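Peer 1:
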Amino acid sequence: NGYTGSVTCDDQALSVHRAIGSEPGNPPSNAIDNNLNTMWSNNGDRSWIQLYAGLGKVICNVDIAWYRGDARQYNFDISIWNPNIKKWVIVFSGISSGTTSGFERYNFANLNGAYIMIRIDGNADDNQAAILELDINGYVGSTRWAGGNGDGGGGTGGGAVDKFGIKKIYPTKAGGEEW
33 NGYTGSVTCD
43 DQALSVHRAI
53 GSEPGNPPSN
63 AIDNNLNTMW
73 SNNGDRSWIQ
83 LYAGLGKVIC
93 NVDIAWYRGD
103 ARQYNFDISI
113 WNPNIKKWVI
123 VFSGISSGTT
133 SGFERYNFAN
143 LNGAYIMIRI
153 DGNADDNQAA
163 ILELDINGYV
173 GSTRWAGGNG
183 DGGGGTGGGA
193 VDKFGIKKIY
203 PTKAGGEEW
């Protein structure tokens, strides 16, 4: 990312920006209340929650503790708002492990981001989105979106061409590992 100093990615203070909805007794604020005995939940495909980490932040990774995370796998993606193109850019897409009720860390290239969205496409049992707790890890600083065009940015590879001549839409993984 061009930064030459030392960086420590720490848990950032968060507020809920918006959410698509919630079930009674499980409001969005429960996802960031530092209490693994509460949760945000919403029933329906493509449920999402948006968080605000503050201006001037570089986001490193996201930790999520899923409701029944030791028994369910959740399909989800993580997006960061790119203010240059005014669009959400997916920085991680995957499936939770289904093996732990504790936090799972999801890594991606460090990117500037004040707003982060978690979008859930149901789980192995039903269409419920249910998060016990979310931590957004980052630091005060700056990096850049590659080309400012929303191609995934940060790190090498976002928007570059791979060894087969195919345009990469995601940057290479941490440590330079290729997808």
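Per the numbering used here, the sequence shown runs over residues 33 to 211. Cβ coordinates follow ideal geometry from the N, Cα and C atoms, glycine included. Note that the coordinates shown come from a computational prediction; the quantities given were computed from them, not determined experimentally.
Going by other Cβ atoms of all chains shown within 10 Å of its Cβ, with 16 needed for buried, is G134 buried or exposed?
Peer 2: Exposed, since its Cβ has fewer than 16 Cβ neighbours within 10 Å.
Peer 1: For T175, count neighbouring Cβ atoms within 10 angstroms of its own Cβ and tell me buried if that reaches 16, exposed if not.
Peer 2: Flag for T175 reads buried.
Peer 1: R144 and N93 look like a contact to me (Cβ under 8 Å); what is the Cβ gap, rounded to whole Å?
Peer 2: The amino acid occupying residue 144 in the given sequence is Asn; Arg does not appear at that position. That pair is no contact at about 15 Å.
Peer 1: Given that a residue counts as buried once 16 or more other Cβ atoms are within 10 Å of its Cβ, and exposed if not, what is S128?
Peer 2: Buried, by the Cβ-count rule.
Peer 1: Just checking, does the region 152 to 171 make contact with the region 115 to 122 on the three C-beta pairs under 8 Å criterion?
Peer 2: With a cut-off of 8 Å, the region 115 to 122 and the region 152 to 171 do not count as touching, because too few Cβ pairs lie within range.
Peer 1: With 16 other CB atoms within 10 Å as the buried threshold, where does V172 fall?
Peer 2: Exposed: under 16 other Cβ atoms inside 10 Å.
Peer 1: If you draw a straight line from the C-alpha of S61 to the C-alpha of I150, how long is it?
Peer 2: Cα-Cα distance, rounded: 14 Å.
Peer 1: Per DSSP, which residues does G126 bridge with? Please list them.
Peer 2: Bridge partners of G126: F108.
Peer 1: Does G101 pass the burial test, meaning 16 or more other C-beta atoms within 10 Å, or should it be called exposed?
Peer 2: Buried, because 16 or more other Cβ atoms sit within 10 Å of the Cβ of G101.
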